[in-house]
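Take a look at the structure set out below.
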Amino acid sequence: MPLPSSPSAQPSATATGEPDQQTAVDKALFLLKSLAEMDGEVGVSELARRTRLTKSTTFRLLGILHRNDLVERVGSNYRLGSQLFDIGVRVYGPNPPLLQECLMPHLADLYEMTHETVHLAVLHDTDIVYVNKIQGHRATRSPSRIGARLPASCTGVGKALLAFDHDAIEAAIADGLAARTEYTCTDPDRFRSELRRIRLDGVAYDRQEAVPGLTCVAVPIMGSAGRPVAAFSVASADHRFEPARFAPALRRVAYEAARAVNAATASRQAAPSRLDNLSAA
Numbered sequence: 001m002p003l004p005s006s007p008s009a010q011p012s013a014t015a016t017g018e019p020d021q022q023t024a025v026d027k028a029l030f031l032l033k034s035l036a037e038m039d040g041e042v043g044v045s046e047l048a049r050r051t052r053l054t055k056s057t058t059f060r061l062l063g064i065l066h067r068n069d070l071v072e073r074v075g076s077n078y079r080l081g082s083q084l085f086d087i088g089v090r091v092y093g094p095n096p097p098l099l100q101e102c103l104m105p106h107l108a109d110l111y112e113m114t115h116e117t118v119h120l121a122v123l124h125d126t127d128i129v130y131v132n133k134i135q136g137h138r139a140t141r142s143p144s145r146i147g148a149r150l151p152a153s154c155t156g157v158g159k160a161l162l163a164f165d166h167d168a169i170e171a172a173i174a175d176g177l178a179a180r181t182e183y184t185c186t187d188p189d190r191f192r193s194e195l196r197r198i199r200l201d202g203v204a205y206d207r208q209e210a211v212p213g214l215t216c217v218a219v220p221i222m223g224s225a226g227r228p229v230a231a232f233s234v235a236s237a238d239h240r241f242e243p244a245r246f247a248p249a250l251r252r253v254a255y256e257a258a259r260a261v262n263a264a265t266a267s268r269q270a271a272p273s274r275l276d277n278l279s280a281a
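The numbering of the sequence shown is full-length UniProt numbering, which starts it at 1 and goes up by one.
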């Protein structure tokens, strides 16, 4: 969340210079957002200046955040803490930590097979969220980064996931299928037709639809209920990339990844039953 760019966009301030009508929670969250927008470690004085809080308030709130591992202290400066990452990976998907554990080895396999940029993504409403990414040696400009969101309708991973979710398809169409490039599909009928094809052959393409010059091929990772839990993609520069030739490798990796996820899910679901049996004995 960008910081307000003008005094009129900020909360009104008291005589001490500190924004009023803010709770301690508001101020603490504002500190975290400010830290996220700064590179490296930042001192108390600079944080107080950026957030228009007094130094004493800033120092006190940083102490609370530090005790809860939401910020880390480096000398007299502060930076975001590891606990934020632990919380963040649980935001999207039914069980992101499980997906990470099961799917990261397969994402690494996909990279070794292609040496191009590879992604792992999940569907969140009508957006996709990049859960992980391994950058290729010849990477091109891309908006993908871990934690980033993009409209599902204009990405390979997004279409691979949307194709199996009727409600999400209709919600994406209702949102307007916004054109990010001249190649983005904005026609609802053509979009539905493309998703029908993806359901049949299990492969989705993004041909410069999200970013000019970037092409990718994606496949869903199917869960035991017959719906995808995530998707893999391979992406590269359009002028040298033939996405269809990577489809067989993607299918093989996604098949093995689905087996791993489904086995791990079944094991976790069965664990309470085994405990119940032991208790009954």
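Backbone N, C-alpha and C define an ideal beta-carbon position, used for all residues, glycine too.
Exclusion of the five residues before and after Tyr111 leaves Val118 and Ile134 as the residues of its chain whose Cβ lies within less than 6 Å of its Cβ.
Minimum Cα-Cα distance from Ala139 among the listed residues Phe241, Ala48, Leu62 and Leu103 corresponds to Phe241.
For Cys154, no pairing in a beta bridge is given by DSSP.
Scanning Ala160, Asp238, Thr265 and Leu161 for the CA closest to the CA of Gly213 turns up Asp238. Nearest to Ala260 by alpha-carbon distance, out of Asp167, Ser76, Leu107 and Leu200, is Leu107. In this model, Asp69 and Gly63 are separated by some 10 Å (Cα to Cα). About 27 Å separates the beta carbon of Val131 from that of Tyr78, a gap too long to meet the 8 Å contact definition. When beta bridges are read from the DSSP output, Phe232 appears opposite Leu120 and Val219.
By the 16-neighbour rule on beta-carbons within 10 angstroms, Pro248 is exposed.
As computed with DSSP, Glu72 is found in a beta bridge with Arg79. Of Thr114, His115 and Ala121, the smallest CA-CA separation from Met104 is found for Ala121. Distances from the alpha-carbon of Thr57 to those of Val211, Ile221 and Lys27 put Lys27 closest.
The beta carbon of Gly40 is closer than 6 Å to none in its chain, skipping five residues each way along the sequence.
Beyond the five residues adjoining it in sequence on each side, Val157 comes within less than 7 Å, by CB distance, of His119, Ala121, Ile128, Ala218, Ala231 and Ser233 in the same chain, given in chain order. Counting only residues of its own chain and dropping the five nearest sequence neighbours on each side, His115 has a CB closer than 7 Å to the CB of Gly136 and His137. When C-alpha distances from Ala171 are compared across Ala148, His124 and Thr181, the shortest belongs to His124.
One alpha carbon belongs to Thr155, the other to Arg49, and they sit about 40 Å apart. A straight line joining the alpha-carbon of Leu80 with that of Val71 spans about 4 Å.
Per DSSP, Asp127 lies in no alpha helix (DSSP H); the unbroken beta strand (DSSP E) holding it starts and ends at Asp127 to Ile134. As a beta-bridge residue in DSSP terms, Arg207 pairs with Thr215. Closest by C-alpha distance to Asp165, out of Leu195, Arg245, Val203 and Glu256, is Leu195. Rounded to whole angstroms, Gly226 and Pro220 show a C-alpha spacing of 11 Å.
Residue burial is scored here from C-beta neighbours: Arg180 has at least 16 other C-beta atoms within 10 angstroms and is therefore classed as buried.
Contact between Thr215 and Ser236 holds, since their C-beta atoms are separated by about 7 Å, short of 8 Å.
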